[in-house]
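For reference, the structure discussed in these notes is given below.
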Amino acid sequence: MSRKMKCAILPGNGTVELKEFDIPVPGHGEVLIKIKSSTICGSDIRCIYHEHLGKGPEGYQPGLIAGHEPCGQIAETGLGCRRFKKNDRVIIYHISGCGLCNDCRRGYMISCTSEKYRRAYGWQRDGGMAEFMLAEEKDLVLLPDELSYSDGAQVACGFGTVYEGLEKIGICGNDAVLITGLGPVGLASAMLCKAMGAQKIIGTEAIDERIKIAEETALFDSVLKAGPDNVEQVRALTGGMGVERAVDCSANNKARLTCIQAARKWGKIVFLGEGGTCDFQPSPDIIHDQKTIYGSWVTNIWRMEELVERLARWGIHPERLITHRFTLDKAGEAYALMASGKCGKVAVVFDEEIK
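Residue numbers (our numbering): 1 to 355.
If you want it as structure tokens, here you go:
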């Protein structure tokens with residue numbers, strides 16, 4: 001095959017640049033992956049696309065290939081690979097850690113403490129907005145045949161992040177759940193809450209296009225326009241009691257407060273949305289009603305493997321949340337649409353994933 005490939009980089013000024021790179025050669029313990037689907041994350045928009053906000057070793061390194069939600073098929077393996085082989089279908093855990101610190105040993109490479117070896121794909125090392133991508137074998141999860149590549153692309157950062165948060169607060173058939181912010185993460189939350197048995201799912205969203213998308217999924221019992229009456233509306237939908245569980249995917253100050261105040265006594269709340277602030281009164285909002293707020297960041301690799309198994313068992317397909325697909329030559333349009341917020345999930349796709 002030609003040893004050149006097309007790739008997308010993000011200059012930080014709200015545009016995408018397509019460039020030609022050499023196809024990398026896998027070294028010891030590495031694999032070369034033929035990318036099939038690479039979805040766009042909200043953090044790419046917030047921290048890279050508009051402006052390079054992150055600084056230092058955890059910031060986006062200018063000139064690197066973008067994309068931390070890739071999925072594809074192994075094209076070549078380097079020496080020393082012990083589990084995966086050519087033609088295996090794989091998902092990539094999007095942060096490559098040192099493998100030796102306490103967090104890495106727990107599977108949480110997202111929290112790797114090594115300044116030298118912690119490198120996120122699409123941020124500090126080349127990512128998946130390209131025809132091929134180099135990855136370390138230890139960062140791979142096998143994609144079962146029941147799931148498509150576009151299903152797999154959303155597992156690590158999107159669905160994996162949601163699954164981790166839901167496991168922290170616990171979801172079962174006893175629960176009414178409130179989800180604030182119905183972008184891709186909010187929709188993934190609803191999909192998993194439903195699979196895990198939630199009895200009632202209520203969503204709030206400010207953008208009309210996203211309200212329409214949420215309603216069309218049939219995942220929600222009620223979708224409310226975000227506003228000052230949301231707490232009263234949620235309580236009215238739950239017999240005046242409020243929800244047992246609340247999930248914020250918006251990173252919006254008012255939406256986070258809605259999650260806290262719309263949760264009933266002994267309720268549990270998890271914040272998934274990145275950035276923003278949160279203002280509340282600890283005694284009336286949390287302490288007196290015995291509520292608990294959890295923070296949750298990405299997931300660990302063993303739980304990601306568990307999620308993939310359960311997605312296949314439950315018959316859940318994350319690709320249902322993809323509203324727009326683009327080929328790599330139109331990556332600029334893909335990022336611009338995702339930045340507008342007037343969409344569900346956006347994917348850059350190759351080969352059989354072009355539909």
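Positions of the beta carbon are idealized from the N, C-alpha and C atoms, including for glycine.
- Query: Under the three-state reduction of DSSP, which class applies to residue 377: helix, strand or coil?
  - Reply: Residue 377 lies beyond the range of the chain shown here (1 to 355); nothing can be said about it.
- Task: With DSSP as the reference, label residue 162 as helix, strand or coil.
- Result: Here the question's residue 162 lines up with position 162 in the sequence shown. Three-state DSSP puts residue 162 in a helix.
- From residue 220 to residue 28, what distance separates their C-alpha atoms? In the sequence shown, residue 220 corresponds to position 220, counting from 1. In the sequence shown, residue 28 corresponds to position 28, counting from 1. For residue 220 and residue 28, the distance between alpha carbons rounds to 47 Å.
- Message: Tell me the rounded alpha-carbon separation between residue 168 and residue 118.
- Response: Here residue 168 is taken as the residue at index 168 of the sequence shown, counted from 1. Here residue 118 is taken as the residue at index 118 of the sequence shown, counted from 1. Put simply, the backbone Cα of residue 168 is about 25 Å away from that of residue 118.
- Query: Taking the alpha carbon of residue 70 as the point to measure from, which residue in 236, 41, 37 has its own alpha carbon closest?
  - Reply: Walking along the sequence shown from the start, residue 70 turns up at place 70. Comparing Cα positions, the closest option is 37.
- Message: Measuring CB atoms only, is the segment 41-54 touching the segment 64-80, in the sense that at least three cross pairs come out at less than 8 Å?
- Response: yes
- Item | Rounded separation between residue 268 and residue 85 - CA only | As a working note, residue 268 is residue 268 in the sequence shown. As a working note, residue 85 is residue 85 in the sequence shown. About 43 Å.
- Beta-bridge partners of residue 121, as assigned by DSSP: Residue numbering aside, residue 121 sits at position 121 when the sequence shown is read from its first letter. Paired residue(s): 125.
- Item | Close-in-space but distant-in-sequence residues of the same chain around residue 303 (CB under 8 Å, 5 per side omitted) | Counting from one through the sequence shown, the residue named residue 303 turns up at place 303. Cβ within range, chain order: 107, 160, 163, 164, 167.
- Task: Might you give, ordered along the chain, the residues of its own chain that have their beta carbon closer than 6 Å to the beta carbon of residue 346, omitting 5 neighbours on each side?
- Result: In the sequence shown, residue 346 corresponds to position 346, counting from 1. For residue 346, where only same-chain residues beyond five positions count, the Cβ hits under 6 Å are 40, 324, 334, 337, 338.
- Query: DSSP three-state call for residue 100: helix, strand or coil?
  - Reply: Taking the first residue of the sequence shown as position 1, residue 100 is located at position 100. Residue state, collapsed to three classes: coil.
- Item | Residue range of the alpha helix (DSSP H) that includes residue 303 | For the purposes of this step, residue 303 is identified with residue 303 of the sequence shown, where counting begins at 1. Here the alpha helix (DSSP H) through residue 303 covers 301-314.
- Task: Tell me, please, whether the segment 132-148 touches the segment 192-210 by the rule of three or more beta-carbon pairs shorter than 8 Å.
- Result: no
- Message: On a Cα-Cα basis, can you pick out the residue from 49, 60, 78 that is closest to residue 25?
- Response: Looking up residue 25 in the sequence shown gives position 25. With distances taken between Cα atoms, residue 25 lies closest to 78.
- Host beta strand (DSSP E) of residue 5 (start-end): Sequence index remark: in the sequence shown, residue 5 carries index 5 (1-based). Segment 4-9, the beta strand (DSSP E) holding residue 5.
- Apart from the five residues on each side of it in sequence, which residues of its chain come closer than 6 Å, Cβ to Cβ, to residue 127? The residue given as residue 127 occupies position 127 in the sequence shown. If we look at residue 127 and ignore the five residues flanking it on each side, its Cβ neighbours are 65, 66, 67, 68, 121.
- Relative to the alpha-carbon of residue 262, which residue among 277, 282, 241, 151 has its alpha-carbon at the smallest distance? Along the sequence shown, read from residue 1 onward, the residue named residue 262 stands at position 262. Looking at the Cα atoms, 241 is the closest of the given residues.
- Task: Assign residue 7 to buried or exposed, taking buried as 16 or more other Cβ atoms, counted over all protein chains shown, within 10 Å of its Cβ.
- Result: Counting from 1 along the sequence shown, the entry for residue 7 is found at position 7. Label assigned to residue 7: buried.
- Message: Going by DSSP, what residue range makes up the alpha helix (DSSP H) through residue 212?
- Response: Within the sequence shown, numbered from 1, the residue matching residue 212 stands at position 212. Note, residue 212: alpha helix (DSSP H), 208-217.
- Below 6 Å CB to CB, which residues in the same chain sit around residue 266 once its five sequence neighbours on both sides are set aside? As a first step, residue 266 is located in the sequence shown; it is residue number 266 there, counting from the start. These residues qualify, in order along the chain: 290.
- Delimiting residues of the beta strand (DSSP E) encompassing residue 325: Taking the sequence shown and counting its residues from 1, the one referred to as residue 325 is at position 325. Taken as a continuous stretch (DSSP letters only), the beta strand (DSSP E) holding residue 325 covers 322-326.
- Identify the continuous beta strand (DSSP E) that holds residue 71 and give its terminal residues. Counting from 1 along the sequence shown, the entry for residue 71 is found at position 71. Start and end: 70-77.
- residue 327 to residue 46 span [Cα, whole Å]: In the sequence shown, residue 327 corresponds to position 327, counting from 1. In the sequence shown, residue 46 corresponds to position 46, counting from 1. Distance between the alpha carbons of residue 327 and residue 46 is about 22 Å.
- Short check: CB of residue 310 to CB of residue 316, under 9 Å? As a working mapping, residue 310 is identified with position 310 in the sequence shown. As a working mapping, residue 316 is identified with position 316 in the sequence shown. Result yes, Cβ atoms of residue 310 and residue 316 sit closer than 9 Å.
- Between residue 295 and the rest of its own chain, which residues show a CB-CB distance below 7 Å, the 5 nearest in sequence each way excluded? Position 295 of the sequence shown, counted from the first residue, corresponds to residue 295. Once the five neighbours on either side are set aside, the close Cβ partners of residue 295 are 271.
- Reduced DSSP category for residue 111 - H, G, I as helix; E, B as strand; rest coil: Taking the first residue of the sequence shown as position 1, residue 111 is located at position 111. Note: residue 111 maps to helix in three-state DSSP.
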